[in-house]
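First the structure, in the form of structure tokens, and then the observations on it.
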Amino acid sequence: MSGPAPRVAGSRGLGTPAREALDGAITAISAAGCETPRLDAELLLAHVLGVGREQLITNQELVVQGPAVRAFQAAVRRRSVEREPVAYITGRRGFRRIELTVDRRALIPRPETELLVEVGLGLPAGARVLDLGTGCGAIALALKSERPDLHVSGSDVSEAAIALAELNSIQLELDVTWLHADLLTDVGEFDAILSNPPYIAEPERSTLAPEITRHEPASALFGGQDGLNTFRALFNQLAELPDVRFVALEVGAGQAAAIAALAHAAKFDNCRFERDLARIQRVLVAERRQQ
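What follows is the structure, encoded as structure tokens:
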């Protein structure tokens, strides 16, 4: 999408105080219909200036000048005109205790996905855990950082996503095994599966924000007409893998009953749901009793 560059204070001359630059950015981002214009502008300016966000408030001497002028103007344009997510513009996203490199090769990790890590923290010592559809590696890396005793792997059908996950593991110095695989085909043996599969129903595409539909990978978002295609395929495989006794899956609003039925059909006899902050049944936790 093209259009005139948003007007950002300090785009001409020798520079301008950071607060004035923020005012112009907030106006541009707000006019574009973004939900959190002040937060977005502050994150972008802090990124461009290489400072903590709090310094935009506490440091009265901060000025946007030199190369930072053009960089900030470009960042605000990407956010307001192109509606690109802030995380893709800055290339960083915090997730639990770690910070990840993110780009369009994988979904941006969401706060609700942290529930999967919380569930995984309760696994037995030394368990073999697979983060299926790992994307940028968020679940696998966060879990490994908090439970180093676990044997953690991450898999994805996208080689580009695996490359991004590997980059994050190197940067974070966390020992996770990465696998290029389609669901559970040829991944080896695991005690537990954690996953945030694609679960948005195709008819909902038109209701999503442009940040999602224009920039994030559709293959990681949409799960067919009812959003359940990946769940059906996964539980069909799990029905033939009795050694996998624990599964935790992020699910969409209103999908809990249908996905619990799939789990029961695959011989998971103990199912429950963890709710997110909006009280939505967000994570299915399914277990098999020892035989």
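Add 10 to the 1-based position in the sequence shown for this note's numbering, that's all there is to it.
Note that CB positions come from ideal geometry on N, CA and C, so glycine has one too.
Since the structure is predicted, the reported quantities are computational estimates derived from the model, not experimental observations.
In the structure shown, the three-state DSSP call for residue 179 is helix.
The three-state secondary structure of residue 241, taken from DSSP, is helix. Taking C-beta atoms under 8 Å as the contact rule, residue 91 and residue 101 fail to qualify, at a distance of about 19 Å.
Within the DSSP secondary-structure output, residue 221 pairs in no beta bridge. Straight across, the Cα-Cα distance linking residue 47 with residue 282 is about 38 Å. Separation of the CB atoms of residue 231 and residue 208 is rounded to 5 Å, and the pair is thereby assigned contact status at 8 Å. In the assembly as shown, residue 28 is a buried residue. Its beta-carbon has 16 or more other beta-carbons within 10 Å. Relative to residue 161, the option among 200, 68, 167 and 179 whose CA is nearest is 200.
The Cβ-Cβ distance between residue 36 and residue 51 falls below 7 Å. Uninterrupted beta strand (DSSP E) stretches at least 3 residues long and entirely within the segment 76 to 105 occur at 102 to 105, given in chain order.
Residue range 47 to 59 is occupied by the alpha helix (DSSP H) that includes residue 55, with no beta strand (DSSP E) assigned at that position.
A straight line joining the alpha-carbon of residue 214 with that of residue 178 spans about 31 Å.
Here residue 81 has 58 as same chain residues with Cβ atoms under 7 Å from its own Cβ, once five neighbours each way along the sequence are excluded. In the assembly as shown, residue 166 is a buried residue. Its beta-carbon has 16 or more other beta-carbons within 10 Å. One thing to note: residue 88 has its Cβ no nearer than 7 Å to the Cβ of residue 97. Taking 7 Å as the cut-off, the beta carbon of residue 295 is found no closer than this to the beta carbon of residue 73.
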